[in-house]
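Novice: Protein chains in written order, with the working numbering: chain A, -18 to 371; chain B, 1497 to 1657.
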Ligand SMILES: [Zn+2]
């Protein structure tokens, strides 16, 4: 059997993540891909494969957007495919590209994650339409209330409080001031978070992500191409795991409760194992895919930071701040910008920039090991990726 | 001679109004059709997984954990435990008017929880209502008089209300 092909991220291109009335979807895609190719020092002629993700079509109001956004990403004349797993769509596109490269269907691939949700006039109603129309949609369930149902459970089981989550938000907003691509660049304090509008108890406006759009692109390559003397990010571990859609099936389940985030627990176990790491706390940088503050803390136990019941104490101790290791979300994370179809790929791209020492003002000094998570569906699709500088 | 180029002055970004309001008929399927039919009889029914022995409520035709078809139907109780909840507090077009409580409840005899409205609470003080619900009070099913074969044919209310 051939040895597994080593893969690296050799280029990153991102648009700013905010409302972009000035650009069409294909224009945004081509900007990000052109920037990624420039960063990689690769002409489009050398690309073999183009994969892309674009989360709920209803948010953009364009059905089957793949027909326009894949050609804009360079798919003309090339192998291409779109994948879609809700919030994990962007990383699923990158994994599809990695799989095709690993199987030697090509040597260089472009993966894009695309979000156009500012085109939706009524975003919460579109998010209601993603839920089961038979048993659950009539309750008005949306992504916000789906998150709130978990947050309340975490308060019941583990003693989390809105104050703890407000500290998480304040840390993310502080980090985002370093990121010129972020949508929210004001360093809101914990008190401001607690005073913001209540959306669905206990989630307040500043616990939640903004409505963001934009495109993230990465260039991926096999080791033969990647070893050219340019800084690259080596993929040392990656895994995906899926849970049931039915949230009601996960309470007090033997394998793990709803808020144990079993799918991330298992994906992380595999990815860390591949990289030979006992815990994601060994990393210099961890980018956590969490559109809400409680969701970030829900990932702490799966990432092996602490036992689930100790998460609130970890936050109070200042875990994840800029002057500590690991730094959580040096980009500000999804709370500062959450372009849904791109977000999970943004986490990967930000980790790649960090270990390539190309993250500009948000560069964590000497970062050499980074971990990115992806989270989608009814908190049921999870991924974990480990990147290193060498 | 006229120049064959576009106007040079900046043009404001153009937006084009659109809408996407197609109509659908969702096919509830074998298990849900019977579940909703039984709601009409004033009964909450689940399906039994022959492998893990869970009683799945609301009813499903197969267990996605064991990946086997469910077999028998089981009636479950009309009282249960509130597993979690939220209080919708902000108004969004197309979603229920706030304040309103939704919650997952595991009914007696069921292995899984189902989502529905929790009605009858005083929500004038949202924090006080939330504190009460955090204690996971017992809740009970209340059927509506007029039932149409939807999950909203019933709701939950606190058992001590
Ligand atoms: Zn089963």
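Note that the Cβ used here is the ideal one computed from N, Cα and C, for glycine as well.
Small disclaimer: the values here were computed from a predicted structure and weren't measured.
Output the distance between the C-alpha atoms of residue -18 of chain A and residue 10 of chain A, rounded to the nearest integer angstrom.
Specialist: With a pLDDT of only 46 at residue -18 of chain A, under the threshold of 50, the placement of this residue in the model should not be trusted; the figure read from the coordinates follows. Whole-angstrom Cα-Cα distance: 38 Å.
Novice: Three-state secondary structure (DSSP) at residue 160 of chain A?
Specialist: Coil.
Novice: May I have a chain-ordered list of the alpha helix (DSSP H) segments no shorter than 4 residues that lie completely inside the region 1587 to 1647 of chain B?
Specialist: Entirely contained in the region 1587 to 1647 of chain B, the alpha helix (DSSP H) runs reaching 4 residues are, in chain order, 1622 to 1630.
Novice: Let me confirm a value: residue 169 of chain A is counted as buried when at least 16 other C-beta atoms fall within 10 Å, else exposed. Which label applies?
Specialist: Per the 10 Å Cβ criterion, buried.
Novice: Along the alpha helix (DSSP H) that carries residue 432 of chain A, what are the first and last residues, could you check?
Specialist: Because chain A in this structure spans residues -18 to 371, residue 432 of chain A falls outside the shown range and cannot be described.
Novice: Residue range of the alpha helix (DSSP H) that residue 332 of chain A falls in?
Specialist: From DSSP, the alpha helix (DSSP H) with residue 332 of chain A extends over 321 to 336.
Novice: What residues of chain B sit near residue 230 of chain A, judged by a beta carbon separation below 7 Å?
Specialist: Those within 7 Å of residue 230 of chain A in chain B are 1608.
Novice: Do residue 1617 of chain B and residue 1636 of chain B have their beta-carbon atoms positioned less than 9 Å apart in this structure?
Specialist: No, these two residues do not count as a Cβ contact at 9 Å.
Novice: Against residue 1560 of chain B, what residues of chain A qualify as contacts under a CB-to-CB distance less than 7 Å, listed in chain order?
Specialist: The contacting residues are 225.
Novice: Going along the chain, which residues of its own chain have a beta-carbon closer than 7 Å to the beta-carbon of residue 118 of chain A, five neighbours each way excluded?
Specialist: Same-chain partners within the cutoff: 109 and 112.
Novice: Starting from the N-terminal end, write out each residue whose C-beta falls within a distance shorter than 7 Å of any non-hydrogen atom of ligand 1.
Specialist: Output, sorted by chain position: B/1545, B/1547, B/1548, B/1550, B/1559, B/1561, B/1562 and B/1564.
Novice: Which partner residues of residue 1575 of chain B appear in the DSSP bridge assignment?
Specialist: According to DSSP, which records beta bridges pairwise, residue 1575 of chain B is partnered with B/1636.
Novice: Per the DSSP calculation, residue 1552 of chain B is bridged to which residue(s)?
Specialist: According to DSSP, which records beta bridges pairwise, residue 1552 of chain B is partnered with B/1543.
Novice: Taking 9 Å as the threshold (beta carbon to beta carbon), is residue 275 of chain A in contact with chain B?
Specialist: Output row for residue 275 of chain A: interface = no.
Novice: So which residues of chain A does residue 1644 of chain B contact, with C-beta pairs closer than 8 Å?
Specialist: Residues of chain A passing the Cβ test: none, with the nearest at roughly 11 Å.
Novice: How many Å lie between residue 56 of chain A and residue 1510 of chain B at the Cα?
Specialist: Roughly 27 Å between the two C-alpha positions.
Novice: According to DSSP, is residue 1501 of chain B part of a helix, a strand, or is it coil?
Specialist: It is coil, neither helix nor strand.
Novice: Does the distance from the CB of residue 1652 of chain B to the CB of residue 1640 of chain B come in under 9 Å?
Specialist: Cβ atoms of residue 1652 of chain B and residue 1640 of chain B: not closer than 9 Å.
Novice: In the region 263 to 312 of chain A, which residue ranges form an unbroken beta strand (DSSP E) of at least 3 residues, counting only runs that do not cross its ends?
Specialist: Runs found: 266 to 268.
Novice: Using the C-alpha atoms, what's the distance from residue 40 of chain A back to residue 1522 of chain B?
Specialist: Looking at the two C-alpha atoms, the distance is approximately 21 Å.
Novice: Sorted by chain position, which residues of the same chain lie with C-beta nearer than 7 Å to residue 240 of chain A's C-beta, five sequence neighbours on each side aside?
Specialist: Closer than 7 Å at the Cβ level, and outside the excluded window around residue 240 of chain A, lie 131, 134, 135, 138 and 279.
Novice: Please compile the residues from chain A whose C-beta is within a distance smaller than 7 Å of the C-beta of residue 1565 of chain B.
Specialist: Result: empty, since nearest Cβ-Cβ is about 16 Å, beyond 7 Å.
Novice: Should residue 86 of chain A be labelled buried (16 or more other beta-carbon atoms within 10 Å of its own) or exposed?
Specialist: So residue 86 of chain A counts as exposed.
Novice: Look at the alpha carbon of residue 262 of chain A and the alpha carbon of residue 211 of chain A, and state the distance between them as a whole number of angstroms.
Specialist: If you take the alpha carbons of residue 262 of chain A and residue 211 of chain A, they lie about 27 Å apart.
Novice: Output yes or no for whether 9 Å exceeds the beta carbon distance between residue 165 of chain A and residue 0 of chain A.
Specialist: Contact flag unset, no.
Novice: Reducing DSSP to helix, strand and coil, say where residue 173 of chain A ends up.
Specialist: Residue 173 of chain A: helix per DSSP, three-state reduction.
Novice: By how many angstroms is the C-alpha of residue 334 of chain A removed from the C-alpha of residue 1658 of chain B?
Specialist: No answer is possible for residue 1658 of chain B: the residues shown for chain B start at 1497 and end at 1657.
Novice: If we cut at 9 Å on Cβ distances, does residue 116 of chain A have a partner in chain B?
Specialist: Yes, residue 116 of chain A lies at the interface with chain B (some Cβ there is under 9 Å from its Cβ).
Novice: Assign residue 258 of chain A to one of three DSSP states: helix, strand, or coil.
Specialist: Correct three-state label for residue 258 of chain A: coil.
Novice: Relative to the C-alpha of residue 1527 of chain B, which candidate in B/1620, B/1600, B/1554 and B/1536 has its C-alpha closest?
Specialist: Closest option to residue 1527 of chain B, Cα to Cα, is B/1554.
Novice: Pull up the DSSP beta-bridge partners for residue 221 of chain A, would you.
Specialist: Beta-bridge pairing links residue 221 of chain A to A/364.
Novice: Is there at least one Cβ from chain B nearer than 9 Å to residue 2 of chain A's Cβ?
Specialist: Output row for residue 2 of chain A: interface = yes.
Novice: Does residue 272 of chain A come within less than 9 Å of chain B when only Cβ atoms are used?
Specialist: No, its Cβ sits nowhere closer than 9 Å to a Cβ of chain B.
Novice: Note down, in chain order, all residues in the region 1618 to 1651 of chain B with a beta-carbon under 9 Å from any beta-carbon belonging to chain A.
Specialist: Per Cβ criterion, the list reads 1622, 1623, 1625, 1626, 1629, 1630, 1631, 1632, 1646, 1647 and 1648.
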